[in-house]
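In the numbering used here, the protein residues as written are 1103 to 1399.
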């Protein structure tokens, strides 16, 4: 077996380690305050996946499942997040969009209690309880699954062995067959070693490991990065099914705006460590100026 369970996500699928991200650190810490204005209309999620119609309500100030308030965080090289605010209601599917270095991954790592970045100020609550100061494995056991961009799994272990290892470290684990039923591709290669799988298959396996802990909230870091278009569509379907059919709340960070609009209820846009917009899918699709200014599309 390659690696150590504590730094490969075997502690419940956290996927957190102490590697220092470089691209998001901004030693200058300077942000044009004029950009930190919302062009959105506030929470107005849609009924159904990626839809623009319906009566589904977004999170209220009183009871979001995940609430991030005035979050400031950074690395030795400089501060990255400057007062980030976002909320995700129970059952929502929400994206956090931004360019490379905007602060997306840093936000997720701060939520998950990673050793880095260092949280400087603000609050993070899940189901009404503070997460700040808690280690990643404890946060995972409280009901948050994390799928890192690096697609962490044990390369020499089979699909079933990888998922079972995550199940064995979970406080309230899901059933193996229930997890694999979401991923027919993995079900057909139960004995295949992770190192012999494609990037898309490894992404599915990493998601399966996170779901093995039976999370209430799933965080995904750029789930579509580097994948072929047909695999992107497959991952979109899986995320939508996780949310719609399994009732798992999802927050994912992404640069692929089209993929995000295909499945998410609402979208936050982050730029230079600040939330600059909170929009519905319809508003994001219609607001070309917003997309070009902050997302480059």
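Every residue gets a Cβ at the ideal spot worked out from N, C-alpha and C, and that includes glycine.
Counted within 10 angstroms of its Cβ, other Cβ atoms place residue i as buried (16 or more) or exposed
i, result
"residue 1332", "exposed"
"residue 1283", "exposed"
"residue 1382", "buried"
"residue 1302", "buried"
"residue 1235", "exposed"
"residue 1209", "buried"
"residue 1297", "exposed"
"residue 1200", "buried"
"residue 1223", "exposed"
"residue 1270", "exposed"
"residue 1356", "buried"
"residue 1324", "buried"
"residue 1388", "exposed"
"residue 1311", "buried"
"residue 1304", "buried"
"residue 1292", "exposed"
"residue 1390", "exposed"
"residue 1360", "exposed"
"residue 1273", "exposed"
"residue 1202", "exposed"
"residue 1367", "buried"
Cβ-Cβ distance between residue i and residue j below 8 Å
i, j, result
"residue 1211", "residue 1176", "no"
"residue 1182", "residue 1349", "no"
"residue 1313", "residue 1362", "no"
"residue 1268", "residue 1315", "yes"
"residue 1372", "residue 1169", "no"
"residue 1353", "residue 1249", "no"
"residue 1188", "residue 1370", "yes"
"residue 1326", "residue 1306", "no"
"residue 1226", "residue 1173", "yes"
Rounded distance between the beta-carbons of residue j and residue i, thought under 8 Å
i, j, result
"residue 1321", "residue 1247", "7 Å"
"residue 1337", "residue 1329", "7 Å"
"residue 1412", "residue 1308", "There is no way to answer for residue 1412, as the model of the chain reaches only from 1103 to 1399."
"residue 1280", "residue 1318", "Contact doesn't hold; Cβ gap of about 15 Å is too wide."
"residue 1228", "residue 1243", "Not really, about 12 Å apart at Cβ, beyond 8 Å."
"residue 1186", "residue 1377", "6 Å"
"residue 1288", "residue 1261", "5 Å"
Inset, instruction - Could you name each continuous alpha helix (DSSP H) segment of 4 residues or more that falls completely within the region 1251-1322, going from the start of the chain to the end? - result: Counting only runs of 4 or more, we get 1261-1270, 1278-1282, 1286-1289, 1301-1313.
Inset, instruction - Give a yes or no on contact between the region 1341-1357 and the region 1188-1205, applying the rule of three or more CB pairs nearer than 8 Å. - result: Enough Cβ pairs lie closer than 8 Å, so yes.
Inset, instruction - Please list the segments of the alpha helix (DSSP H) lying wholly inside the region 1180-1232, counting only runs of 4 or more residues, in order along the chain. - result: For the region 1180-1232, the full-length alpha helix (DSSP H) segments reaching 4 residues or more read 1206-1213 along the chain.
Inset, instruction - Note down, one range per segment and in chain order, each alpha helix (DSSP H) of at least 4 residues found wholly within the region 1344-1386. - result: The alpha helix (DSSP H) runs of length 4 or more contained entirely in the region 1344-1386 are, from start to end of the chain, 1359-1365.
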